[in-house]
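J.: Before I ask anything, let me first share the structure, which is written out below as structure tokens.
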Amino acid sequence: MKLFDSTTFLSLNQAKCAFFSVSLGGNTAETFALAIDQLRLLRNSLCHSTSSEIDKPTFDQYMQHAKDAFKALGVKTDPIDAIGGLTESDFPTEEVRKLEQGIKEETRAYIKFLEGVSFRY
1 MKLFDSTTFL SLNQAKCAFF SVSLGGNTAE TFALAIDQLR LLRNSLCHST SSEIDKPTFD
61 QYMQHAKDAF KALGVKTDPI DAIGGLTESD FPTEEVRKLE QGIKEETRAY IKFLEGVSFR
121 Y
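Quick note on full-length UniProt numbering: the sequence shown kicks off at 1 and runs consecutively.
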């Protein structure tokens, strides 16, 4: 299974939220509101995920949702297309794992240090 570092995808803006299709016709104000809400849901899904990785099908789905919303807003999708064209090797997933592990180790060391400190007033 291919995994992508979701923090890279966040530079644009798992499937725990329900996304919807942004209609390109009809009421312009409603279309804009739906597109902006689509981007908000996408951001929230990524930011509040318990994992820094997403699988390839989810990544592709998120890319399509972002493109649909950008198109509805009249914004160029070139940056999204560029990110969507990247391969798994273009995402620093392994490096992110190492950094996350380092943060956990530093946090444990800090907690241990605080537990050993006695406060005198």
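Glycine included, C-beta positions come from ideal geometry on N, C-alpha and C.
Within this structure, are the beta carbons of D81 and Q38 separated by less than 9 Å?
T.: Here residue 81 refers to the residue found at position 81 when the sequence shown is read from its first residue. Here residue 38 refers to the residue found at position 38 when the sequence shown is read from its first residue. Cβ atoms of D81 and Q38: not closer than 9 Å.
J.: How is the beta strand (DSSP E) around F105 delimited, first residue to last?
T.: Position 105 of the sequence shown, counted from the start, is the residue given in the question as residue 105. Per the sequence shown, the amino acid found at residue 105 is Glu instead of Phe. No beta strand (DSSP E) contains E105, which is instead part of the alpha helix (DSSP H) from T93 to G116.
J.: Express the C-alpha separation of L41 and T50 in angstroms, rounding to a whole number.
T.: Indexing the sequence shown from 1 puts residue 50 at position 50. Indexing the sequence shown from 1 puts residue 41 at position 41. Rounded to whole angstroms, T50 to L41 spans 16 Å at the Cα level.
J.: With a Cβ-Cβ cutoff of 9 Å, do I35 and A72 count as a contact?
T.: In the sequence shown, residue 35 corresponds to position 35, counting from 1. In the sequence shown, residue 72 corresponds to position 72, counting from 1. Inspection of the sequence shows that residue 35 is occupied by Ala rather than by Ile. For A35 and A72, yes; Cβs fall inside 9 Å.
J.: From I54, F59, Q61 and G74, pick the residue whose C-alpha is nearest to that of T31; which is it?
T.: By one-based count along the sequence shown, residue 31 stands at place 31. Ranking I54, F59, Q61 and G74 by Cα distance to T31 puts G74 first.
J.: To the nearest angstrom, report how far apart R43 and M63 are at their CA atoms.
T.: On the sequence shown, residue 43 is found 43 positions in, with the first residue counted as 1. On the sequence shown, residue 63 is found 63 positions in, with the first residue counted as 1. About 12 Å.
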